[in-house]
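Peer 1: Under our numbering, the first residue of the sequence shown is numbered 28, with each subsequent residue one higher. Let me begin by handing over the structure; questions about it come next.
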Amino acid sequence: MAEHQVRGPVLGVAYDGTGFGDDGTSWGGEFLLCFQGRFERLATFRPIRLPGGNLAIREVWRVAYALIHDAFDGDPPIGSLRLFDQVPEESLRIVSQMIERDLNAPRARGVGRYFDAFGALALRRPLSTYEGQVAIALDHAADDSVRDSYAFALDRSQAPLEVDLRPAVREAVSDLSSGLSPGVVSARFHNTLSRLTTELTGSLLAEVGHMPVALTGGVFQNDRLVTDIIEKMPSEINMLRHREVPPGDGGIALGQALIADAFLGDKG
């Protein structure tokens with residue numbers, strides 16, 4: 028909003044790794060009705076467990092395990108996925124217990140963690156040297172000729188609405204188990220995210236009214252995803268994307284300054 032000098036309202040789509048929301052939980056997959064000094068949370072992603080907390084950001088197999096543990100109702104088919112051939116059985120047992128006993132396995136809604144999990148599964152990479160490494164590799168692996176996507180669900184029984192990617196996880200596991208290439212799985216995952224973002228944005232705009240849509244957060248450093256979302260959006264929607272200000276941590280200070288200015292203006 029600050030970069031484009033828009034005061035609002037806008038529909039903000041914030042895809043990031045891990046950041047605390049105003050309720051004390053970890054956000055990062057949010058659809059927000061934004062004004063300059065306040066917002067309303069309209070939709071979010073189903074949370075993923077992070078067994079070991081921050082350790083799961085480096086040992087991304089942990090996030091992948093948690094994702095399929097959830098998608099397969101506590102019975103993850105690890106025997107059919109080559110990723111887990113690289114993980115000691117004792118480590119798998121411990122992580123399974125952490126999830127089932129709710130011990131040091133916080134929930135996170137960040138889309139970046141979904142990238143970590145899908146990247147670990149598709150590329151068979153259990154570890155990440157730095158945050159986002161596996162997500163970047165997943166982007167680079169995508170097969171540009173693949174146009175189809177995976178299924179997803181929307182849980183409208185609660186507020187905010189929740190995006191459920193468990194159907195996509197099950198389909199991706201089936202693809203990998205049958206020997207499909209990482210490039211196909213990566214492309215289908217990217218296509219799923221762009222499709223759900225476009226469809227959910229359209230649905231929310233029908234409820235809150237016509238307004239610009241702003242894409243922000245570190246995940247939107249992924250130009251493939253940004254471009255695909257913008258191309259899928261109806262042309263009459265004013266899409267705001269980062270041009271000069273970084274979409275990730277580098278843009279936080281400017282956003283904070285905008286909010287502070289709004290508060291000071293209200294008091295003045």
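For glycine and all other residues, C-beta sits at the position ideal for the given N, C-alpha and C. As the structure is a prediction and not an experimental result, all values here were calculated from the model.
Which value, in whole angstroms, describes the spacing of the CA atoms of R152 and D255?
Peer 2: Here residue 152 corresponds to residue number 125 of the sequence shown, with the count starting at 1. Here residue 255 corresponds to residue number 228 of the sequence shown, with the count starting at 1. R152 and D255: Cα-Cα distance of roughly 26 Å.
Peer 1: Is it right to say G106 is buried, meaning 16 or more other beta carbons lie within 10 angstroms of its own, or is it exposed?
Peer 2: Working through the sequence shown from its first residue, we reach residue 106 at position 79. The C-beta of G106 has fewer than 16 other C-beta atoms within 10 Å across all chains shown, which makes the residue exposed.
Peer 1: CB-CB under 7 Å to G295, same chain, minus the five flanking residues each way: which ones, in chain order?
Peer 2: Walking along the sequence shown from the start, residue 295 turns up at place 268. Because the pLDDT at G295 is just 46, under 50, the model does not fix this residue reliably, and the value given afterwards should be weighed accordingly. Excluding sequence neighbours, G295 sits near nothing in its chain.
Peer 1: Please go through the segment 122 to 209 and give each complete beta strand (DSSP E) segment of 3 or more residues, from N-terminal end onward.
Peer 2: 180 to 182 and 188 to 191
Peer 1: Would you report the Cα separation of G64 and D170, rounded to the nearest angstrom?
Peer 2: Locating residue 64 in the sequence shown gives position 37, where the first residue counts as 1. Locating residue 170 in the sequence shown gives position 143, where the first residue counts as 1. Cα-Cα distance, rounded: 41 Å.
Peer 1: Identify, in the order they occur along the chain, each residue of the same chain with its Cβ nearer than 6 Å to the Cβ of P187, setting aside the five sequence neighbours on each side.
Peer 2: Working through the sequence shown from its first residue, we reach residue 187 at position 160. Excluding residues within five positions, the ones whose Cβ falls inside 6 Å are R68, L69, A70 and T71.
Peer 1: Identify whether V90 lies in helix, strand or coil by the three-state DSSP scheme.
Peer 2: As a position in the sequence shown, residue 90 is number 63, starting the count at 1. Correct three-state label for V90: helix.
Peer 1: Check this for me: beta carbons of A135 and L77, under 8 Å apart or not?
Peer 2: Taking the first residue of the sequence shown as position 1, residue 135 is located at position 108. Taking the first residue of the sequence shown as position 1, residue 77 is located at position 50. At a Cβ-Cβ threshold of 8 Å, A135 and L77 count as neighbours.
Peer 1: Could you tell me whether the segment 181 to 199 touches the segment 212 to 223, where touching means 3 or more Cβ pairs closer than 8 Å?
Peer 2: yes
Peer 1: Based on DSSP bridge pairs, tell me the residues matched to T71.
Peer 2: For this step, residue 71 is matched to residue 44 along the sequence shown. DSSP lists E189 as partners of T71.
Peer 1: Would V240 and G146 be called neighbours here (beta carbons separated by less than 8 Å)?
Peer 2: The residue labelled residue 240 in the question sits at position 213 within the sequence shown. The residue labelled residue 146 in the question sits at position 119 within the sequence shown. No.
Peer 1: Using a 10 Å radius around the Cβ and a threshold of 16 neighbouring Cβ atoms, would you call T224 buried or exposed?
Peer 2: Translated into the one-based positions of the sequence shown, residue 224 becomes position 197. Buried, because 16 or more other Cβ atoms sit within 10 Å of the Cβ of T224.
Peer 1: Using 8 Å for Cβ pairs, my map puts Y141 next to V122. What's the rounded Cβ distance?
Peer 2: Walking along the sequence shown from the start, residue 141 turns up at place 114. Walking along the sequence shown from the start, residue 122 turns up at place 95. Incorrect: roughly 18 Å between the Cβ atoms, too far for contact.
Peer 1: For L130, which residues in the same chain have their Cβ closer than 8 Å to its Cβ, ignoring the five residues on either side in sequence?
Peer 2: Residue mapping note: residue 130 aligns to position 103 of the sequence shown, counting from 1. So the qualifying residues of the chain are Q124.
Peer 1: Taking a contact to mean a Cβ-Cβ separation below 8 Å, would you say S155 touches R251 in this structure?
Peer 2: In the sequence shown, counting from the first residue as 1, residue 155 sits at position 128. In the sequence shown, counting from the first residue as 1, residue 251 sits at position 224. No, the Cβ-Cβ distance between S155 and R251 is not below 8 Å.
Peer 1: Please name the residue or residues paired with F58 in a DSSP beta bridge.
Peer 2: Position 31 of the sequence shown, counted from the start, is the residue given in the question as residue 58. DSSP output for F58 lists V40 and A70 as bridge partner(s).
Peer 1: Could you tell me the distance, in whole angstroms, from the CA atom of R174 to the CA atom of D166?
Peer 2: Taking the first residue of the sequence shown as position 1, residue 174 is located at position 147. Taking the first residue of the sequence shown as position 1, residue 166 is located at position 139. If you take the alpha carbons of R174 and D166, they lie about 15 Å apart.
Peer 1: Go ahead and pull the three-state DSSP assignment for G229.
Peer 2: For the purposes of this step, residue 229 is taken as residue 202 along the sequence shown, with counting starting at 1. Note: G229 maps to helix in three-state DSSP.
Peer 1: Quick one, are the C-beta atoms of G56 and G159 less than 8 Å apart?
Peer 2: Here residue 56 is taken as the residue at index 29 of the sequence shown, counted from 1. Here residue 159 is taken as the residue at index 132 of the sequence shown, counted from 1. Cβ atoms of G56 and G159: not closer than 8 Å.
Peer 1: Please confirm whether L242 and V40 have their CB atoms less than 8 Å apart.
Peer 2: One-based indexing of the sequence shown puts residue 242 at position 215. One-based indexing of the sequence shown puts residue 40 at position 13. Inclusion of L242 and V40 in the CB contact set at 8 Å is warranted, their separation being smaller than that value.
Peer 1: Give me the Cα-Cα distance between L232 and C61, rounded to the nearest whole angstrom.
Peer 2: The sequence position of residue 232 within the sequence shown is 205, counting from 1. The sequence position of residue 61 within the sequence shown is 34, counting from 1. Rounded to the nearest angstrom, the two C-alpha atoms are 13 Å apart.
Peer 1: If you compare alpha carbons, which of Q248, E258, E234 and A199 is closest to G44?
Peer 2: Translated into the one-based positions of the sequence shown, residue 44 becomes position 17. For the residues Q248, E258, E234 and A199, the minimum Cα distance to G44 belongs to Q248.
Peer 1: Just to confirm the assignment, what range does the beta strand (DSSP E) spanning L243 have?
Peer 2: Residue numbering aside, residue 243 sits at position 216 when the sequence shown is read from its first letter. The sequence as given places Thr at residue 243; Leu does not occur at that position. Note, T243: beta strand (DSSP E), V240 to T243.
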